[in-house]
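All remarks here apply to the structure that follows.
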Amino acid sequence: MAAPSDAPLALLLLPVPLERFTHAEHARDLLRAPRVLALEPPPLSWSRIGRLPGSLAFGIGVRQAKRVRLPGPVRVVIVYEALQLPLAQGLQLRFEGAQLWRAEVVAEATAQASLAFDPDDAAGLGDAAGVDAFDRNAPLWERLELLGVAEFKE
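Numbering (this note's numbering), first residue to last: 1344 to 1497.
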């Protein structure tokens, strides 16, 4: 394996393998950036970990975070389900200053679902028909660029 670099990374914690992921188009668009990586679910499923007492689940998340081999420091951890929080929090402990962006399905008046990232931030994305993933992800791309994870050259 190549030596780790100082280039910051963003991690997508996928709830299921990418091929079965409901929002695969969104994830694939972000994965176009060389420093955005995806972690598929662990052998012990998120739902099984989620049934454990909080402190035990957190301990498992911290241990999992220590075992993950990465080519650089993590700046952003994106989670799609609350059950992924123990690993995300473990990664935040391992990589001081890493941001946690939560994605959750948000019901809209139009009955369409959208993913809203980081409840404290207005940057969000919708799964609107006819809008490609890059356009929906534009606010996320801007945030990733500000954090040094993604770079755009004109």
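Note that CB positions come from ideal geometry on N, CA and C, so glycine has one too.
Report yes or no: do the stretch 1398-1416 and the stretch 1363-1375 share at least 3 C-beta pairs separated by less than 8 angstroms? no
Just reading off the alpha helix (DSSP H) that A1481 is part of, what are its end residues? 1481-1489
Taking the alpha carbon of R1375 as the reference point, which residue from S1348, P1386, A1353, I1392 has its own alpha carbon closest? A1353
Whole angstroms are fine: how far does the CA of L1490 sit from the CA of A1476? 20 angstroms
CA-to-CA distance, Y1423 to A1381, given in whole angstroms: 12 angstroms
Closer than 6 angstroms by C-beta to R1437: which residues in its own chain qualify, once you throw out the five before and the five after it? Chain order, please. A1408
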